[in-house]
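So in our numbering, spot 257 of the sequence shown is number 638, and the numbers just go up one at a time.
Just below is one structure, and these are the notes that go with it.
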Amino acid sequence: MNFIDKIIKLCTINADIIDSKSEYFQKAIVFNFYSFISIILLLVFGVINIIQGDFVLFSILAALFIATSVNLLIFRKKTNYISASSTYVILISLFLLWILYTGIINNQGLIFYAFFPVVAIQILGKKRGNFSSLIFFILSGIAILLPTILESLYMFSLANQILFVLLYFLCFTLINVYANLMEIKIAEFNIEILKAKHETQVKEEFISKISHQIRTPLNNLVVVTNIVNDSNLDEKQRDLIDTIQASTNNLVNVVNNIAEISNVDLLQSKDYNQNFNLETTIKNTINLFSNEDSDDILFPLYISEDINFQLFGDPVKIKQVYLNLIENILKKTKSGKKSIGINIQKLSDSNEIVEILFNISTNDFEQISEITRIQNTEKTKKGRNAAIVKLLEINIANRIIESLGGAVEFDLTPEKFELKFIIKFKKGEQIISKEDRIKDSLLPEIEPEDKISLKDANILLVEDNLINQKIVLLSLKKSVKSVDVANNGKEALDKFGSARYDLILMDIQMPIMNGIVTTKKIRSIEKSTNTHTPIIAITANALLGDKEECLAAGMDDYISKPFQIETLITKMEQQLT
């Protein structure tokens, strides 16, 4: 069993360099197996021929040995399966035809020629394998069935000629039947996977809806209870209110646990492809962390100067990636001053497509020893990366990067932690007025606007639920003088266009126009006026990725229901100052 395991391990080595979902994954394993077997056989027969003094055949075997080995090594490095598999079949075909046409093969060796379709179809697939098998049968059939054409050909007996034809077409038929059955089974398996994914998605959407529906009235209960608790109550009434508060807090914990265990698929979110400035997108994302101990967090940023054009893609997803990465890397770094370097370079460029390398690094990482342990224990690259992604809690970023065609890779030394990924974009419009790019220096501080107190601020509340409107207005009554209300995103845009607001409280799930789309439209309007109105998401959406989606859309902060009114007021004051 140990010997078999070693053979399997040898044939599947570096299998993780090809996506397991790819049609070439299993073929790559078969290709590895046949390549190793061919190399071993060529080596053995080469030694036998050199002992027997047949240096001509030895030279041919040696050349084929080298060519097969080099082809295998190139495949392992560049993973171009189509090229490698075609090269292998061509090499083997030429060798078999050469020994056939030179008369080296005899009646006993002829039987092996009948198995060529098995190898060809397994490695090349049905279409290319069948074509190769047909060509090989014609070329070998001339030598076997019509040996009088060339004097050097071996004269096969009629029985062996008939046996060759029958065996060849038997192998050809059986391997095609097997390939068809495998295609049917794989198709059935894929259908089952899709059904399972759909069922999981339905369950997760149900959890999401239940969570949202519970959070909204629960938030109202929390806020009203707190307001009543602050009023004049006798001892018995206060005891009853305290009981309600304790029960409410327990229910809040239950709902929060639902949010933690649920994992709604981010890949179902809609794409918002557009032309965008990569540098501006990254800087705006980093600026979201500027209020969080900004004196202790440094973000050295370098973007190569040859990225002097806009990219066409989804800037929201790029923001989501960086929000998730930076937030969780900060959690894993040492206390005190922290530095997270961001390096973005262009790898390749064509008329339409550009390949961008994104790199995030820090010298303050705390869990280097844990990652080192993972690297030493996990056998495959895919397993190592999956374990590190789980350790860093960057599942959101990893899934988005994979949905964009990239893959997260890690580079670790005792002094430095580095994460990188590559994404391809379509090239957008040329950037005419290009800022001086920051090279290994800190981001410039944004000049603070005039401070305004919360009491004097003009607030816009965007909320479709009338009860929720009353609860928020009641909660803010003592702290804010002026609060306008919009029932949906469209009303919010109309009000935003006709009045100036110091801060916007934005619900997410609303009819006509939701909070995400509304925020993006507001930010688009502000580009032409060079202004910025703080937007805080107040939402019952509290599942994995909801916060990142809100911030990536352009919101400045996020609070999930149920919340304490003091927390909301603190966030509002932070945004105004």
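Beta carbons: idealized from backbone N, C-alpha and C, even for Gly.
Can you look up residue i in the DSSP assignment and give me helix, strand or coil?
i, result
"V861", "coil"
"K942", "coil"
"G786", "coil"
"G325", "What the structure shows of the chain is the stretch from 382 to 958, and residue 325 is not part of that stretch, so it cannot be assessed."
"E708", "helix"
"Q701", "helix"
"E930", "helix"
"S650", "Here the model assigns S650 a pLDDT of 47, short of 50, so the residue's position is not dependable, and the following value carries that caveat. Reduced to three states, the DSSP call for S650 is coil."
"D875", "helix"
"T948", "helix"
"I903", "helix"
"N452", "helix"
"G764", "helix"
"G809", "strand"
"L547", "helix"
"L527", "coil"
"M953", "helix"
"R881", "coil"
"F670", "coil"
"K815", "Bear in mind that the predicted position of K815 carries a pLDDT of just 45, short of 50, making it unreliable; the figure below should be weighed with that in mind. In this structure, K815 counts as coil in the three-state DSSP scheme."
"K836", "coil"
"F537", "coil"
"P598", "helix"
Which residue wins for smallest C-alpha separation from residue i, given the options the options?
i, options, result
"A880", "M891, R780, I903 and F570", "I903"
"D792", "F802, G484 and S941", "F802"
"L481", "K862, N452 and I525", "I525"
"D677", "S716, K908, N705 and G787", "S716"
"F537", "C552, F550, L551 and S521", "S521"
"T606", "K952, M953 and P943", "P943"
"G878", "I906, L886, K859 and I885", "I906"
"K908", "N600, G935 and A577", "G935"
"K712", "Q756, E796, L773 and K760", "L773"
"F496", "I431, T554 and F436", "T554"
"I688", "G896, G809 and E616", "G809"
"Q691", "K805, G722 and V604", "K805"
"T794", "K771, T468, R754 and E759", "R754"
"C552", "K928, S863 and P498", "P498"
"K836", "E930, K858, N849 and I852", "K858"
Per DSSP, residue i is paired with what?
i, result
"L886", "L842 and I917"
"A867", "V843"
"Q726", "L738"
"D792", "E799"
"T743", "I721 and F798"
"I804", "I737"
"Q655", "G694"
"T714", "F746"
For residue i, is the classification buried or exposed, using 16 other Cβ atoms within 10 angstroms of its Cβ as the cut-off for buried?
i, result
"L445", "buried"
"E844", "buried"
"I565", "exposed"
"T958", "exposed"
"G786", "exposed"
"E686", "exposed"
"Y559", "exposed"
"G434", "exposed"
"D883", "buried"
"R765", "buried"
"R780", "buried"
"L325", "The requested residue 325 is not part of the displayed model; the chain covers only 382 to 958."
"E708", "buried"
"Q955", "exposed"
"V428", "exposed"
"S440", "exposed"
"S822", "Below a pLDDT of 50, predicted positions are generally treated as unreliable, and S822, at 45, falls in that range; the measurement from the model is reported next regardless. The residue in question, S822, is exposed, as its Cβ has fewer than 16 Cβ neighbours within 10 Å."
For a test of your reading of the model: does the CB of residue i fall under 7 angstroms from any non-hydrogen atom of the ligand FAD? Yes or no.
i, result
"P795", "Of ligands this structure carries none, so the ligand FAD is not represented either."
When the cut-off is 8 angstroms and only beta carbons count, does residue i lie next to chain B?
i, result
"I663", "Absent from the structure: chain B. Only one protein chain is present."
(message) Three Cβ pairs or more, each shorter than 8 angstroms: is that satisfied between the segment 486–493 and the segment 502–509?
(response) When Cβ pairs closer than 8 angstroms are counted between the two stretches, the segment 486–493 is seen not to touch the segment 502–509, the count staying below three.
(message) When you compare the segment 414–429 with the segment 445–454, are there three or more beta-carbon pairs, one atom per stretch, that lie closer than 8 angstroms?
(response) Between the segment 414–429 and the segment 445–454, the count of Cβ pairs shorter than 8 angstroms is three or higher; the stretches touch.
(request) Mind the definition here: the segment 655–667 touches the segment 700–711 only if three or more C-beta pairs lie below 8 angstroms; say whether that holds. (result) yes
(message) So, does the segment 837–856 touch the segment 871–890, judging by three or more C-beta pairs under 8 angstroms?
(response) yes
(message) Using 8 angstroms as the cut-off, can you tell me whether the segment 862–872 makes contact with the segment 936–954, which would need three or more C-beta pairs spanning the two stretches below that distance?
(response) With the cut-off at 8 angstroms, the segment 862–872 and the segment 936–954 do not touch.
(message) Using a Cβ distance threshold of 8 angstroms, determine whether the segment 749–766 contacts the segment 723–739, with at least three qualifying pairs required.
(response) no
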